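Take the sequence shown: its letter number 75 is residue 73 in this note's numbering, and every next letter is one higher.
Presented below is the structure to which this report refers.
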Amino acid sequence: MEAWRPWPGRARRPGTSEGPGTLVSLLLALCVVLLAPLATGAFATGSLLTAPARVVSPLARVVELTNAERRAVGLAPLAANGQLARAAQGYAEVLATSACWGHACGAVPDFRQRLVDAGYADWRYLGENVAGGQRTPELVVAAWMASPAHRANILHPAYTEIGVGLAYGGRLDIYWAQEFGAQRGDAPVAAYRATWIAQAPVAPLAPSAQARVFVDLQNTGTATWVRDGPRPLRLGTDGARDRASAFATPGEWLSANRPAELVQERVPPGYVGRFAFTLTAPATPGRYQEHFRPVVEGERWLDDLGIAFEIDVRP
């Protein structure tokens, strides 16, 4: 479940949350996965987990797994922050000792204020994931990564710090909270940035034959990609930049040097966008390399991600 909660009376593009005095909106994510109760002898149910010896290991493991997911897509790892951890632990305990579920429970229902009260006052970006019922760090991180809204929080490029909380009790036996943040002194992330995720293979083609392909890129910047408007993100020819491709498909490609626009209308930070297009083999047999690169029209080319198709054209 995903909720957008704007600062009262103001609005900003989803997925970024900026500090007081600026336009603000917050990406809040909620995850509930009901599982069987904990096995006897693991951790006691029906009580809060507060002893450091029982907390540190699972919480550190959640941070480790979260950073492994970020590294896998080329993002910087998050640093553990004691203030965020204090806020996360406090909120996990609220969930475990009340009948309330969500992001607005307890005496301080505004999660932004909870983080400020914990000492994280000079923030630029904030986010929160919560979950209940998952018995291990591996299960809870897998549950968050399986949900697009939670995955976007974990993989949000603007975040630099993390705190995790864990408490036992209540209807679901175990509750987790993740707090994400970036402070004003942190170095800003580039507005337009991408990470290669996947692309379709191309089998050998006969002259004039066609192959349908795709390229998947993750938005690891801070700006939302758009398909339409004054600054759309498109796939452009590279190698010799803006060259006319020998594999252009008339009537489908935007032009001989622009094979595709985004399939999606919008791709917020942390999400994956797709470019899909058709390659039409030239009449001359040979081995070809077709290089492409994302470009924000009218603004800039993104970094070279090594997007290339090696194509054998055989008679």
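Just so you know, even glycine gets a beta-carbon here, dropped at the ideal spot from N, CA and C.
Everything numeric in this text was worked out from a predicted model, so none of it was measured.
Checklist entry - Counting along the chain, where does the beta strand (DSSP E) carrying L215 start and finish? => result First-last of the beta strand (DSSP E) with L215: Q208 to N217.
Checklist entry - If you draw a straight line from the alpha carbon of A165 to that of R149, how long is it in whole angstroms? => result Rounded to whole angstroms, A165 to R149 spans 22 Å at the Cα level.
Next on the checklist: Contact between the region 214 to 227 and the region 249 to 263 is defined here as three or more beta-carbon pairs at a separation below 8 Å; is this criterion met?
Outcome noted: In this structure the region 214 to 227 lies against the region 249 to 263, because at least three pairs of beta carbons, one per stretch, are closer than 8 Å.
Checklist entry - Who are L57's beta bridge partners in DSSP? => result Bridge partners of L57: none, in fact.
Item to check | Collapsed DSSP secondary structure at F290 in the structure displayed | outcome: F290 falls in the strand class under three-state DSSP.
Item to check | Alpha-carbon to alpha-carbon, A221 and Q208 | outcome: 34 Å
Checklist entry - Hey, how far is the Cα of I309 from the Cα of V200? => result 6 Å
Item to check | Beta-carbon spacing of R191, D301 below 9 Å | outcome: yes
Next on the checklist: With three or more beta-carbon pairs closer than 8 Å as the criterion, would you say the region 69 to 81 touches the region 101 to 111?
Outcome noted: no
Checklist entry - Is the region 155 to 171 close to the region 273 to 284, with three or more CB pairs under 8 Å? => result no
Checklist entry - Under a Cβ-count criterion, where at least 16 other Cβ atoms within 10 Å of its own Cβ denotes burial, should S145 be classed as buried or exposed? => result buried
Item to check | Where the beta strand (DSSP E) through L82 begins and ends | outcome: That residue, L82, is in no beta strand (DSSP E); its alpha helix (DSSP H) goes G80 to A94.
Checklist entry - To which residues of the same chain is V106 closer than 7 Å at the C-beta, ignoring the five residues directly before and after it? => result R112 and D115
Item to check | Status (buried if at least 16 other CB within 10 Å, exposed otherwise) for G183 | outcome: Burial check for G183: the Cβ neighbour count within 10 Å stays below 16, so the residue is exposed.
Checklist entry - Between P257 and L233, which are expected to be in contact by the criterion C-beta below 8 Å, what is the C-beta distance as a whole number of angstroms? => result 5 Å
Checklist entry - With 16 as the cutoff for other CB atoms within 10 Å, does R169 come out buried or exposed? => result exposed
Next on the checklist: Looking only at its chain, what residues have a beta carbon closer than 6 Å to the beta carbon of V270, apart from the 5 residues adjacent to it on each side?
Outcome noted: Correct list, in chain order: I195, D214 and Q216.
Next on the checklist: Considering just the uninterrupted stretch of the alpha helix (DSSP H) at L252, what are its terminal residues?
Outcome noted: The continuous stretches of alpha helix (DSSP H) do not include L252, and DSSP gives it neither H nor E.
Checklist entry - Would DSSP call D115 helix, strand or coil? => result DSSP places D115 in the helix class (H, G or I) of the three-state scheme.
Checklist entry - Taking the continuous alpha helix (DSSP H) assigned at L137, which residues delimit it? => result P135 to M143
Next on the checklist: Assuming the contact rule is C-beta atoms closer than 8 Å, D236 and H289 should be a hit. Round their C-beta distance to whole Å, please.
Outcome noted: 4 Å
Checklist entry - Where V315 and A78 are concerned, what is the direct C-alpha to C-alpha distance, given to the nearest angstrom? => result This structure does not reach residue 315, given that the chain is present from -1 up to 313, and the question cannot be answered.
Item to check | Backbone secondary structure at F109 - three-state DSSP | outcome: helix
Item to check | Straight-line Cα distance separating C103 from L76 | outcome: Take the alpha-carbon of L76 and the one of C103: they are about 26 Å apart.
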